[in-house]
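Chemist: Sharing a structure with you now.
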Amino acid sequence: MMKKKNIFHLLKEMAANRDVIEKETVEQSASSKWLEYRRHLVTASNFGRIICLRADTGCESVVKSMLYSPNVDCKAMEYGREHEQEAKLQLETALGVSISECGLFIDTG
Numbered sequence: 001m002m003k004k005k006n007i008f009h010l011l012k013e014m015a016a017n018r019d020v021i022e023k024e025t026v027e028q029s030a031s032s033k034w035l036e037y038r039r040h041l042v043t044a045s046n047f048g049r050i051i052c053l054r055a056d057t058g059c060e061s062v063v064k065s066m067l068y069s070p071n072v073d074c075k076a077m078e079y080g081r082e083h084e085q086e087a088k089l090q091l092e093t094a095l096g097v098s099i100s101e102c103g104l105f106i107d108t109g
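Residue 1 is where the sequence shown starts when you use full-length UniProt numbering, and the numbers rise one by one after that.
Below, the structure written as C-alpha cells:
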C-alpha cells in the first residue's frame, strides 16, 4: 500500500499531466496505462458506493477496496462496455454531432 505523501505526490503529478494521460488512455480498459492510472483514482463509475454511505459510516474501507483491489472492474464498467456503442450512436443522432474516442479525464476541481 502506498504511503499518504506518495499518493498525494502521484495525484498532483497526474493532475499536472492530465492532457497527456487522456491521450495515452484512449484504448481505455485495453490500455495498461489506463488500468494503472485508474487504480489510484476514485472514479465516477464507482463513486456511487461512497456517496450512498450513511453519514455515520466511515468510507475508509470502501475507498481502500476500490484503490487497492487487484480487479478495477465494477458493474458500471461492465454496463458501459455492453451499451457504449448503442449509447454513442443514439447521442450522435440526437445531438447531430460526431463523438470521438477519448481516454481517462482527470478533474482537478
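Just so it is clear, CB atoms sit at the ideal spot from N, CA and C, and this is done for glycine as well.
Where residue 165 and L104 are concerned, what is the direct C-alpha to C-alpha distance, given to the nearest angstrom?
Modeler: Residue numbering for the chain in the displayed model covers 1 to 109; residue 165 lies beyond these limits and cannot be assessed.
Chemist: Is the number of C-beta pairs between the region 28 to 44 and the region 89 to 106 that are closer than 8 Å three or more?
Modeler: yes
Chemist: I99: which of T108, L89, D107 sits nearest, CA to CA?
Modeler: Position 99 of the sequence shown, counted from the start, is the residue given in the question as residue 99. Minimum Cα distance to I99 is reached at L89.
Chemist: Within 10 angstroms of the Cβ of I50, are there 16 or more other Cβ atoms? Answer buried if so, exposed if not.
Modeler: Residue mapping note: residue 50 aligns to position 50 of the sequence shown, counting from 1. With fewer than 16 other Cβ atoms within 10 Å, it is exposed.
Chemist: In three-state DSSP terms, what is E101?
Modeler: On the sequence shown, residue 101 is found 101 positions in, with the first residue counted as 1. Annotated three-state conformation of E101 is coil, per DSSP.
Chemist: T43: which of D19, A87, A76 sits nearest, CA to CA?
Modeler: Counting from 1 along the sequence shown, the entry for residue 43 is found at position 43. Comparing Cα-Cα distances from T43 to each of D19, A87, A76, the minimum goes to A76.
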